[in-house]
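Asker: Chains as they are written, first to last, in our numbering: chain U, 1 to 315; chain X, 1001 to 1253. Okay, here's the structure, questions in a sec.
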Amino acid sequence: MTSSESIADAIVSVRGLSKTYKSGFQALKRVDLDIRRGEIFALLGPNGAGKTTLISIICGIVNGSEGSVTVDGHDIVRDYRAARGLIGLVPQELSTDAFESVWATVKFSRGLFGKAPNPVYLERILRELSLWEKRDAKIMTLSGGMKRRVLIAKALAHEPRVLFLDEPTAGVDVELRHDMWQMVHRLRKSGVTIILTTHYIEEAEEMADRIGVITSGELMLVEEKHSLMRKLGKKQLSLQLQAPLSAIPPGLESWPLELSDNGQTLTYTFDTQGEDTGIAELLRKLGELGVDFKDLRSSESSLEEIFVSIVRGRA
Amino acid sequence: MNIHAIRAIYRFEMARTFRTLMQSIASPVLSTSLYFVVFGAAIGSRMGNVGGVSYGAFIIPGLIMLSLLNESISNAAFGIYMPKWAGTIYELLSAPVSYVEVVIGYVGAAATKSVILGLLILGTSRLFVSYEIMHPFWMVGFLLLTAITFSLFGFIIGLWADDFQKLQVVPLMVITPLTFLGGSFYSISMLPPVWQKITLFNPVVYLVNGFRWSFYGKADVNVVVSAGATVGFLLICLGIVWWIFRTGWKLKA
C-alpha cells in the first residue's frame, strides 16, 4: 500500500525507489512519496525499516538501485548539484570532526555547499543554537547535546530549502529538544520544508503536518496527521460508577462496553469518524437503567497506539 | 565548478597541517638533517665524488624525493581516510561537489604541503653542503609533478584503506623500500650489472634521477623518460580516482 497521491507542487518527489544492498538485504521496496513544499513531514518506523536508507539516497550518500528522486524538479543523479544544494542533512550519528573549532566547521560546511562566506548569517545560526559562546571551542570538548547542535548548524550553514533531521532528538536533553522544536517552527515559517524521522511518536504528533509510516522498506501509509488520527484513532469514554456492577446491564449487551476495576469502571469505545458518537444515547439509557456515575473521562488513542496497530497489522 | 567547495576543502586540510606543525613539518626536516649528518658528513667524507659531485650534494635530490613521496602519500591518504573513519564523510557525499573538486581540494592541499616540505629540506641541506641547481624550472616541475602524482596515489590509498594498518602498509612496505633501492643514496652504476638491469623496474629510479638531473645535469636515466614515467603514473592514478568516484567504490553503499 504505497498510498501517496501525486502532489503537483512537491518539493521532494520519490518514484518507485528501491534499494537492495550488496548483502541482498532489500531496504526499500518501490517507494513513492511526495513531500509538499513547506510542510513538516514525519517518517515513522521501527529500527531497520528503511528510514535512514531513504534519506541517505535522497541526500546522495547511498545509491538507489531503482527508481528516481527529484528535489524541486532537479534529478538527484543527473542534476545533483542543484538538488543537493537545496538540501541540508542532520545525520543520526554524532559524526563530527574532533580538532576543528565550531566556527571553522560551520564555515567549512557553507563553503562545501558552494556558498560565499557570510559571517553574519553564520553568527545568527550559532546564536539561535546557543553555540555562539562555544564558537572557538574544539568540537571534541563539547557535550553530546552540543555536538548535535553543531551538526544542525552545519546543516543550516548553506541556507537549505529542505532540511532532513534523522532521529534529531535521540539522546538529547529536554532543553535542546525544546530549542530544536522552536527552531524547526522558525524554519518552517521561513519556508523551509522539514522531513524528520523519529522513534518518539509524540514528537511527530506534536510537530508534523503529515505522517508516513514505513516498515520493512515499504511505505505503509502517508496521511495528514489529523485525518490519520481521525481515521484510525479511537476514543474511549470511561465512567466511574457509583455502585459496582457485576455485569453489563440488560439492554446494553450490543454496545461496545467493558467493565473493569471490579465493576467500578464502565468503558465505552467508539469511532471518532462517525458524526454520532452515541454518547448521548448511552448516557440516557444508563439514566433509565438507574446506573449512576460519579466521574467521566474521555481519551483519544495516541499516534503511538495507531502506529503499533499498523505495524502489528502487517506482521 | 564549485570554487567555494574547493577552497573549503583546501583550507580545511591546510589548517590540519598547521595544527600538527611538529608532526607534519618539523619531524621530516629533523630526520632529513640526521641523514645529512650520517650519510653526508660522517660517511660522505670518506666516499669521494659520485659522477662529479660530492656525496653530500649527490644525495640531496634523493633525500627530498624520499620525504616527498612519503609525505605526499601519507598526507593525502590520511586526509580522506579520517572523514571516512570519523563518519564525517557524509557531508562530502551529500554536498554539491564533483569528484574533480574533491580531488583538487584534498590532493592540492597534500601536494602543497609536500612541496613546502621539499623546499624546507632543500633549505636545510644548504646548512650542511653546498650545491647548485642547473635547471631550476625542471627542478620545480619535478617537485610539483611528483608531489601531485603521489598525493593522488595517497588519496587512492586513503579511499581504499578501511583500517589504520592498511593506511600505513603501502608507504612502509612498498614506498620506503623502493625509495631506498631507487638510487637515493647511490648511483645505479655502482651496482653489479644484473642489479643495474633489475633496478630499472623500480619507478622511483626515474623520479630520483629526473630530479637529480635538474640539479646537476647528470643522471642514470634519460630525463625525458623520467618525466614521461611520472606523467604516466599520474594518468593511471587519475583514471583510478575517476573510476572510484563513478562507481562509489568504498564510498557509497
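Using N, Cα and C, we set each Cβ at its ideal position, and we do this for glycine too.
(1) Grouping DSSP H, G and I as helix and E and B as strand, with all else coil, what is L17(U)?
(2) Can you tell me whether M1(U) is buried or exposed, with buried defined as 16 or more other CB within 10 angstroms of its CB?
(3) Measuring CB to CB, does L1063(X) end up less than 8 Å from I1121(X)?
(4) List the endpoints of the continuous beta strand (DSSP E) containing E300(U).
(5) Quick check on DSSP: helix, strand or coil for A315(U)?
(6) Report the start-end ranges of each alpha helix (DSSP H) in the stretch 1153-1235 of chain X that is 4 residues or longer and not cut off at the edges.
(7) Quick one: measure Cβ to Cβ for S1074(X) and G1141(X), integer angstroms, because I've assumed they're closer than 8 Å.
(8) By alpha-carbon positions, which one of R30(U), Y121(U), E281(U), I194(U) ends up nearest to I337(U)?
(9) Just the chain U side, please: which residues come within less than 7 Å of S1187(X) by C-beta, in chain order?
(10) Mind pulling the chain U residues with CB within less than 9 Å of Y1090(X)?
(11) Taking the Cβ atom as the reference point for each residue, do I87(U) and F164(U) lie within a distance shorter than 8 Å?
(12) Check this for me: beta carbons of G1079(X) and A1041(X), under 8 Å apart or not?
(13) In this structure, how does DSSP classify E39(U) when only helix, strand and coil are distinguished?
(14) Strictly under 8 Å for the Cβ-Cβ distance: is I1236(X) near chain U by that measure?
(15) What are the residues that DSSP puts in a beta bridge with Y268(U)?
(16) What residue does the alpha helix (DSSP H) around T105(U) start on, and which one ends it?
(17) Around the Cβ of G48(U), are there at least 16 other Cβ atoms within 10 angstroms (buried) or fewer (exposed)?
(18) Run down chain X in chain order and give the residues with a C-beta less than 9 Å from the C-beta of A157(U).
(19) Closer than 9 Å by beta-carbon distance: list the chain X residues that pair up with R81(U), in chain order.
(20) Closer than 9 Å, Cβ to any Cβ of chain X: which residues of the stretch 98-119 of chain U, in chain order?
(21) Kindly indicate which three-state DSSP category D166(U) falls into: helix, strand or coil?
(22) Would you mind reading off the limits of the beta strand (DSSP E) that contains T53(U)?
(23) List the residues of chain X whose Cβ lies closer than 9 Å to the Cβ of K326(U), in chain order.
(24) How close, in whole Å, do the beta carbons of D271(U) and K234(U) come, if the pair is a contact with beta carbons under 8 Å?
(25) Kindly say whether R84(U), judged by its beta-carbon, lies nearer than 8 Å to any beta-carbon of chain X.
Answerer: Put simply:
(1) By one-based count along the first sequence, residue 17(U) stands at place 17. If DSSP states are grouped into helix, strand and coil, L17(U) belongs with the strands.
(2) As a position in the first sequence, residue 1(U) is number 1, starting the count at 1. Note on M1(U): pLDDT 39, under 50, position unreliable in the model; no value is reported.
(3) Taking the second sequence and counting its residues from 1, the one referred to as residue 1063(X) is at position 63. Taking the second sequence and counting its residues from 1, the one referred to as residue 1121(X) is at position 121. Against a cut-off of 8 Å, the Cβ pair of I1121(X) and L1063(X) comes out as a contact.
(4) Position 300 of the first sequence, counted from the first residue, corresponds to residue 300(U). Annotation: the continuous beta strand (DSSP E) that includes E300(U) extends over 293-300.
(5) Along the first sequence, one-based indexing puts residue 315(U) at 315. A caution first: A315(U) carries a pLDDT of 45, below 50, which makes its placement in the model too unreliable to give a value.
(6) 1164-1170, 1176-1180, 1193-1198, 1203-1216
(7) Position 74 of the second sequence, counted from the first residue, corresponds to residue 1074(X). Position 141 of the second sequence, counted from the first residue, corresponds to residue 1141(X). 23 Å between Cβ atoms; not a contact.
(8) Because chain U is modelled from 1 through 315, residue 337(U) falls outside the range shown and cannot be assessed.
(9) Stepping through the second sequence from its first residue, residue 1187(X) is reached at position 187. Those within 7 Å of S1187(X) in chain U number zero; the least Cβ separation is about 44 Å.
(10) Along the second sequence, read from residue 1 onward, the residue named residue 1090(X) stands at position 90. S56, C59, I61, L89, P91, E93, S95, listed in chain order.
(11) Position 87 of the first sequence, counting from 1, holds the residue named residue 87(U). Position 164 of the first sequence, counting from 1, holds the residue named residue 164(U). In contact: I87(U) and F164(U) (Cβ atoms closer than 8 Å).
(12) Residue 1079(X) sits at position 79 when you count from the first residue of the second sequence. Residue 1041(X) sits at position 41 when you count from the first residue of the second sequence. No, Cβ-Cβ distance for G1079(X) and A1041(X) is not below 8 Å.
(13) For this step, residue 39(U) is matched to residue 39 along the first sequence. E39(U): coil per DSSP, three-state reduction.
(14) Counting from 1 along the second sequence, the entry for residue 1236(X) is found at position 236. By this cut-off, I1236(X) is not an interface position.
(15) Residue 268(U) sits at position 268 when you count from the first residue of the first sequence. L237(U), L257(U), per the DSSP bridge assignment.
(16) Numbered from its first residue, the first sequence carries residue 105(U) at position 105. First-last of the alpha helix (DSSP H) with T105(U): 102-112.
(17) For the purposes of this step, residue 48(U) is identified with residue 48 of the first sequence, where counting begins at 1. When all chains shown are included, G48(U) counts as exposed.
(18) Here residue 157(U) is taken as the residue at index 157 of the first sequence, counted from 1. Simply none; closest approach about 10 Å.
(19) Along the first sequence, one-based indexing puts residue 81(U) at 81. Here the neighbours are N1002, P1096, V1097, S1098.
(20) A98, F99, E100, A104, T105, K107, F108, S109, R110, G111, L112, F113, G114, K115, A116, P117
(21) Locating residue 166(U) in the first sequence gives position 166, counting from the first residue. Note: D166(U) maps to strand in three-state DSSP.
(22) Along the first sequence, read from residue 1 onward, the residue named residue 53(U) stands at position 53. Where T53(U) is concerned, there is no enclosing beta strand (DSSP E), although the alpha helix (DSSP H) it sits in stretches over 51-59.
(23) Nothing can be reported for residue 326(U), as the shown portion of chain U is limited to 1 through 315.
(24) As a first step, residue 271(U) must be located in the first sequence, where it is residue number 271. As a first step, residue 234(U) must be located in the first sequence, where it is residue number 234. Yes, D271(U) and K234(U) are in contact; Cβ-Cβ is about 6 Å, under 8 Å.
(25) Taking the first sequence and counting its residues from 1, the one referred to as residue 84(U) is at position 84. Yes, R84(U) lies at the interface with chain X (some Cβ there is under 8 Å from its Cβ).
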